[in-house]
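At position 23 of the sequence shown (counting the first as 1) the number is 23 in the UniProt record's numbering, and the numbers step up by one without a gap. For glycine and all other residues, C-beta sits at the position ideal for the given N, C-alpha and C. Data block below; observations after.
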Amino acid sequence: MTDKNLDFEEKIKEVANEYSQKGYTVFTNPQLGNDTPEFLRNYSPDIIAISENDKVVIEVRNKYSLSQSKELENLASVIDHQKGWRFELIVINSKK
């Protein structure tokens, strides 16, 4: 595993743990049908965190992968049209 992948995976674990400590039910790398709502069928979010009053789709990206921003824009738009859901983007600076 490269340093970039390790940083990415560590950040996913860190964010998932933060949401879990706040009382959210957290799904990392959720699978369609089991953990992922139908409106996300064309996407593979890094994290879905759900609480009684909040539902969050979380993407973790490094600054180099932001060039695929069209995908992120589309995902954010899909989520924006879902009542009670929000999108969170976390950008990490991976080591070279």
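Checklist entry - Per DSSP, what kind of secondary structure is K22 in: helix, strand or coil? => result The count along the sequence shown starts at 1 and reaches residue 22 at position 22. Under the three-state reduction of DSSP output, K22 falls in the coil class, being neither helix nor strand.
Checklist entry - G84 to D7, Cα distance in whole Å? => result Residue numbering aside, residue 84 sits at position 84 when the sequence shown is read from its first letter. Residue numbering aside, residue 7 sits at position 7 when the sequence shown is read from its first letter. Taking the straight line joining both Cα atoms gives about 30 Å.
Next on the checklist: Beta-carbon within less than 8 Å of N93's beta-carbon, same chain only, minus the 5 sequence neighbours each way: which residues are those?
Outcome noted: Position 93 of the sequence shown holds residue 93. For N93, same chain residues with a beta-carbon under 8 Å away, outside a window of 5 residues either side, are N62, K63 in chain order.
Checklist entry - What residues are listed by DSSP as bridge partners for R41? => result Within the sequence shown, numbered from 1, the residue matching residue 41 stands at position 41. Paired residues: none, contrary to the question.
Next on the checklist: Can you find the residues in the same chain that come closer than 7 Å, C-beta to C-beta, to I50, ignoring five residues on each side of it along the sequence?
Outcome noted: Position 50 of the sequence shown, counted from the first residue, corresponds to residue 50. These residues qualify, in order along the chain: Y24, T25.
Next on the checklist: Let's test the definition: count the other Cβ atoms within 10 Å of the Cβ of D46 and tell me whether it reaches 16, buried, or not, exposed.
Outcome noted: Within the sequence shown, residue 46 is the residue found at index 46, counting from 1. A buried status is given to D46, since no fewer than 16 other beta-carbon atoms sit within 10 Å of its beta-carbon.
Checklist entry - Ordered along the chain, which non-local residues of its own chain (more than five positions away) have a Cβ less than 7 Å from that of V60? => result The residue given as residue 60 occupies position 60 in the sequence shown. Once the five neighbours on either side are set aside, the close Cβ partners of V60 are F8, K11, I12, V15, D46, I90, I92.
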